[in-house]
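Chemist:
There are 2 protein chains.
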Amino acid sequence: MVKEISGGVCAPKGFKANGVHCGIRKNKIKKDLALIVAEKRCAVACVYTTNLVKGAPILVTQKNVADGYAQAVIVNSGNANTCNADGVEIAKGMCALVEQYTGIAAGDVVVASTGVIGQKLSLQPIADGMTELCAGLGENSTAAAEAIMTTDTVKKEISFSFPLGGKECRIGAICKGVGMICPNMATMLMFVTTDAAISPDMLKRALRADVKESLNMLSVDRDTSTNDTLCIMASGLAGNEEITYPNADYKAFCKALRAVTTAMCRCLARDGEGATKLLECKVSGAKSKKDARLAAKSVINSNLLKAAMFGQDANWGRVLCALGYSGAKLDVTKIGVAFRSKAGGVTVCENGMGVEFSEEVAKKVLSEQEIVIDVQLNDGRYGATAWGCDLTYDYVKINGDYRT
Amino acid sequence: MVKEISGGVCAPKGFKANGVHCGIRKNKIKKDLALIVAEKRCAVACVYTTNLVKGAPILVTQKNVADGYAQAVIVNSGNANTCNADGVEIAKGMCALVEQYTGIAAGDVVVASTGVIGQKLSLQPIADGMTELCAGLGENSTAAAEAIMTTDTVKKEISFSFPLGGKECRIGAICKGVGMICPNMATMLMFVTTDAAISPDMLKRALRADVKESLNMLSVDRDTSTNDTLCIMASGLAGNEEITYPNADYKAFCKALRAVTTAMCRCLARDGEGATKLLECKVSGAKSKKDARLAAKSVINSNLLKAAMFGQDANWGRVLCALGYSGAKLDVTKIGVAFRSKAGGVTVCENGMGVEFSEEVAKKVLSEQEIVIDVQLNDGRYGATAWGCDLTYDYVKINGDYRT
């Protein structure tokens with residue numbers, strides 16, 4: 000019933016967006032300022048990085064959404080506004096600019112920044128760009144998605160429609176983030192809009208539950224960013240009966256939300272810095288949900304396995320190794336491992352021991368761009384999926400000299 | 000008083016060693032079988048990997064050293080003898096071969112293997128190599144050090160002399176390991192000999208205390224190996240009064256042991272797979288020892304910082320980021336960061352905020368092969384040091400196709 004549609008964050012009723020180049024980034028082809036505005040105040044829920052070093056915009060956003068409502072999102076790329084003495088002042092200044100140019104109260108603005116840490120962010124280019132940014136507000140989800148990109152190679156937006164209490168609702172999102180990705184309660188930056196009617200409390204509950212299975216199971220490089228922010232705004236304009244307790248509609252809403260967040264996880268992992276392959280580790284048969292998550296994430300995080308996948312080398316010992324130090328409770332003698340892709344599958348380990356397999360077939364399986372690492376723990380009934388990417392020369396290149 | 004001397008594991012009285020090529024590895028230039036034998040049974044202490052997937056040799060060694068004594072070490076490279084159905088049988092076979100060729104009881108043999116996981120290890124080449132291996136037993140620590148190398152580019156051996164209760168004692172070591180390095184109670188493979196007289200209990204105590212500050216603070220790639228083994232044998236032939244309780248001699252012994260293990264940590268990190276730089280993160284001013292260790296290790300483990308160091312880019316925001324997600328209790332607004340090397344030093348962050356610095360000077364500092372990342376938490380009196388290396392194209396290359 001969840002159906003992909005076009006429109007990104009503008010697909011749900013009541014949202015407009017735009018993105019422009021205002022001059023924070025030197026490269027004039029790259030947009031660096033995005034704005035999403037809602038027709039009316041929306042129920043809002045956010046999750047942020049667990050990093051103790053938090054970007055100044057997060058501190059300001061936390062205050063602004065404390066009452067459960069927000070009406071706009073302003074985001075810049077090219078500078079994270081983090082570890083700067085005047086960071087909070089600048090972030091507040093961005094909210095004030097939104098009020099000045101749109102009439103939406105500064106206290107109803109979600110603000111976010113992404114880019115280099117520890118370099119001063121000037122308000123001037125943002126102020127200079129506001130006229131153009133606001134003039135272009137409309138069905139421009141794509142421009143907004145482009146404006147929040149840093150080392151991303153593709154823009155990331157998606158939208159779905161789904162029925163809720165007899166009404167058709169829509170949910171859409173844009174996001175960015177390809178390095179410093181190991182979200183813990185949130186990813187780099189992701190903004191979700193929906194026209195479903197749902198109370199702030201239920202929206203918060205849905206988001207918290209969702210990230211455990213979606214964004215917190217994603218890792219590009221094990222580096223939890225300082226600026227991770229995931230924000231969802233619900234306008235309620237779809238006309239469904241407001242969700243105020245965990246009923247069937249709540250479940251339907253969560254399912255749609257999950258469709259958005261897992262699709263975005265796959266986008267983010269596939270576009271991981273330098274990545275040539277999307278890796279998906281599916282763990283089944285774990286003793287508990289926690290064990291399943293620990294196991295899946297440990298495999299996805301192994302530099303050695305990531306490099307082997309880049310080299311299309313079925314070095315399954317590295318999967319076993321990563322499972323062994325994952326912290327998950329497991330019985331090594333029960334573990335089965337297979338690699339799968341569009342080109343087929345190959346079982347490489349059973350009962351914790353290697354099995355004969357064709358290196359030729361394995362090479363073919365691993366030559367694809369999407370690889371599933373199938374781990375059967377055969378020790379329980381819980382499962383989890385984690386997403387990541389391979390480790391390549393280009394990851395090193397991109398991060399060897401990011402600031403210049 | 001601890002003085003570097005030559006001789007490696009043969010520097011202490013009562014030890015002979017050798018290393019040969021027996022045919023486990025295809026490349027005939029590479030030695031692949033090492034043996035260390037002691038004149039008499041030695042007090043022994045070992046620490047092993049915490050990985051739940053454990054190499055078969057570890058299971059056999061644990062049994063053999065359970066009584067606190069051992070007299071020989073046999074090690075092969077080229078195959079980890081891990082995740083093989085007949086692994087324990089093969090490891091026992093290696094001990095039996097030592098008994099057959101040297102007369103040392105199989106139950107007094109420490110056995111270790113290193114190389115690819117999940118490929119069958121045949122006893123045949125080892126049996127074939129025993130005659131040559133034993134015939135050459137002597138002051139051949141270097142040959143043994145060479146025979147345990149895998150992707151190591153340099154052999155790793157060291158020895159020191161130190162006074163103990165009026166007697167001159169010696170301690171020496173060989174070790175290997177440049178990838179799958181994030182020891183947890185042990186590193187890949189390290190064998191230490193000493194002629195100091197010390198009881199098995201005190202030797203175990205000294206080793207357990209030592210690794211917390213030495214090998215457990217080393218990380219090349221965050222991948223805790225399945226075969227980590229650190230073994231120390233004490234022959235007692237130096238003639239000092241046996242250490243049986245934690246007296247001044249015990250402290251002097253621990254100091255000498257620390258000299259060996261930290262020197263080896265630096266060797267291992269410097270030769271990390273693909274590494275061009277040794278990174279040393281020195282944390283001071285932490286609230287507790289645990290916080291200091293967590294902070295130092297988190298910095299050393301950050302792929303993003305490792306890549307920045309490779310690129311000689313003073314991207315200190317990545318240091319702050321890694322500290323923030325380290326799990327250490329810290330006050331972000333008190334943190335100071337400086338980079339130091341032979342070429343000088345540069346302070347890049349104070350009170351959690353960036354400070355003006357010369358990019359030119361920073362580049363010069365970071366162009367050296369040994370970089371100290373100096374982190375002052377200014378929040379307590381505890382410190383810790385962690386060792387690691389940069390992340391380079393060659394790490395990816397080496398691990399993209401390790402098995403072939």
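If you're matching them up, the sequences are chains A and B in order.
Each step along the first sequence adds one to the number in numbering that gives the first Met the number 0, with nothing skipped, and position 383 is 382.
Each step along the second sequence adds one to the number in numbering that gives the first Met the number 0, with nothing skipped, and position 44 is 43.
From the three backbone atoms N, C-alpha and C, an ideal C-beta is built for every residue, glycine too.
What residues in the segment 81-105 of chain B bring their beta carbon closer than 8 angstroms to a beta carbon of chain A?
Modeler: T81, C82, N83 and A84
Chemist: Report all residues from its chain with a CB closer than 6 angstroms to the CB of N300 of chain A; omit the five preceding and five following residues, and keep chain order.
Modeler: S218 and R221
Chemist: Using DSSP with H/G/I as helix, E/B as strand and the rest coil, what is K281 of chain B?
Modeler: K281 of chain B: strand per DSSP, three-state reduction.
Chemist: Whose Cβ in chain B lies nearer than 8 angstroms to the Cβ of M352 of chain A?
Modeler: C82, N83, A84 and G117
Chemist: Keeping to the same chain, check which residues put their C-beta closer than 6 angstroms to that of N377 of chain A; ignore five residues upstream and five downstream.
Modeler: Counting only Cβ-Cβ distances below 6 angstroms, and skipping sequence neighbours, we find G284 and K333.
Chemist: Please identify the residue among A:A361, A:I170 and A:A111 whose C-alpha is closest to the C-alpha of R257 of chain A.
Modeler: A:I170
Chemist: Measure the beta-carbon distance from V282 of chain B to G382 of chain B and round it to whole angstroms, keeping in mind my assumption that it falls under 8 angstroms.
Modeler: 6 angstroms
Chemist: Report yes if the C-beta of E38 of chain B is less than 6 angstroms from at least one heavy atom of the ligand SAM; otherwise report no.
Modeler: Ligands displayed in this structure: none; no statement on the ligand SAM is therefore possible.
Chemist: Could you spell out the range, first to last residue, of the beta strand (DSSP E) harbouring D393 of chain B?
Modeler: That residue, D393 of chain B, is in no beta strand (DSSP E); its alpha helix (DSSP H) goes Y392 to G399.
Chemist: For G86 of chain A, does the three-state DSSP call read helix, strand or coil?
Modeler: When DSSP states are grouped into helix, strand and coil, G86 of chain A belongs to the helix group.
Chemist: Since S158 of chain A contacts G13 of chain A with CB under 8 angstroms, what's their CB separation in whole angstroms?
Modeler: Going by Cβ atoms, the distance from S158 of chain A to G13 of chain A rounds to 14 angstroms, so no, they are not a contact pair.
Chemist: Answer with buried or exposed for E131 of chain B, where buried requires no fewer than 16 other C-beta atoms within 10 angstroms of its C-beta.
Modeler: That one is exposed.
Chemist: By the 10 Å Cβ neighbour count, where 16 or more other Cβ atoms means buried, how is Q368 of chain B classified, buried or exposed?
Modeler: exposed
Chemist: Quick check on C320 of chain B - is its C-beta less than 7 angstroms from some C-beta in chain E?
Modeler: Protein chains A and B are contained in the structure displayed, whereas chain E is not.
Chemist: Counting only C-beta atoms, is G235 of chain B closer than 7 angstroms to chain A at any point?
Modeler: no
Chemist: At a CB distance below 9 angstroms, what residues from the segment 299-316 of chain A approach chain B? Give them in sequence order.
Modeler: N300, S301, N302, L303, L304, K305, A306, A307, M308, F309, G310, Q311, D312, A313, N314, W315 and G316
Chemist: If contact means a Cβ-Cβ distance below 8 angstroms, which residues of the segment 217-251 of chain B contact chain A?
Modeler: From the segment 217-251 of chain B, only D220, R221, D222, T223, S224 and T225 have a Cβ closer than 8 angstroms to chain A.
Chemist: Note down, in chain order, each residue of its chain lying with its Cβ closer than 6 angstroms to the Cβ of E240 of chain A, except the 5 sequence neighbours on either side.
Modeler: G164
Chemist: Exposed or buried, G86 of chain A, counting other C-beta atoms within 10 Å across all chains shown (16 or more means buried)?
Modeler: buried
Chemist: Please name the residue, chosen from A:N80, A:V354, A:C264 and A:G92, that lies closest to K175 of chain A on a Cα-to-Cα basis.
Modeler: A:C264
Chemist: Where does A10 of chain A land, buried or exposed, given buried means 16+ other C-beta within 10 angstroms?
Modeler: buried
Chemist: Classify G171 of chain A as helix, strand or coil using the three-state DSSP reduction.
Modeler: strand
Chemist: Quick one, which residues of the segment 48-65 of chain A are near chain B if we go by CB-CB under 9 angstroms, in chain order?
Modeler: T48, T49, N50, L51, V52 and K53
Chemist: Answer with yes or no whether the minimum CB distance from V364 of chain A to chain B is below 7 angstroms.
Modeler: Among the CB atoms of chain B, none fall inside 7 angstroms of the CB of V364 of chain A.
Chemist: For the candidate residues B:I397, B:L267 and B:T225, whose alpha-carbon lies nearest to that of A55 of chain B?
Modeler: B:T225
Chemist: Cα separation between K289 of chain A and P162 of chain B?
Modeler: 52 angstroms
Chemist: For W386 of chain B, which beta-bridge partners are listed by DSSP?
Modeler: B:L217 and B:E279
Chemist: May I ask you to list the residues that DSSP assigns as paired with D373 of chain A?
Modeler: A:K281 and A:A337
Chemist: With respect to the beta strand (DSSP E) encompassing Q70 of chain A, which residues constitute its N-terminal and C-terminal limits?
Modeler: Y68 to S76
Chemist: Smallest Cα separation from K39 of chain A: which of A:F338, A:V52 and A:D194?
Modeler: A:D194
Chemist: Output needed in chain order: residues of the segment 200-217 of chain A with a Cβ under 7 angstroms from some Cβ in chain B.
Modeler: none
Chemist: Please state the DSSP three-state secondary structure of C253 of chain A.
Modeler: helix
Chemist: Which chain B residues sit within Cβ distance under 7 angstroms of L390 of chain A?
Modeler: V395
Chemist: If you compare alpha carbons, which of A:A385, A:Q61 and A:V153 is closest to E279 of chain A?
Modeler: A:A385
Chemist: Chain A partners of Y381 of chain B, CB-CB under 9 angstroms?
Modeler: What Y381 of chain B touches in chain A, judged by beta-carbon distance under 9 angstroms, is nothing: the nearest beta carbon there is about 18 angstroms away.
Chemist: Would V59 of chain A and V110 of chain A qualify as a contact pair, given that the criterion is a beta-carbon distance under 7 angstroms?
Modeler: yes
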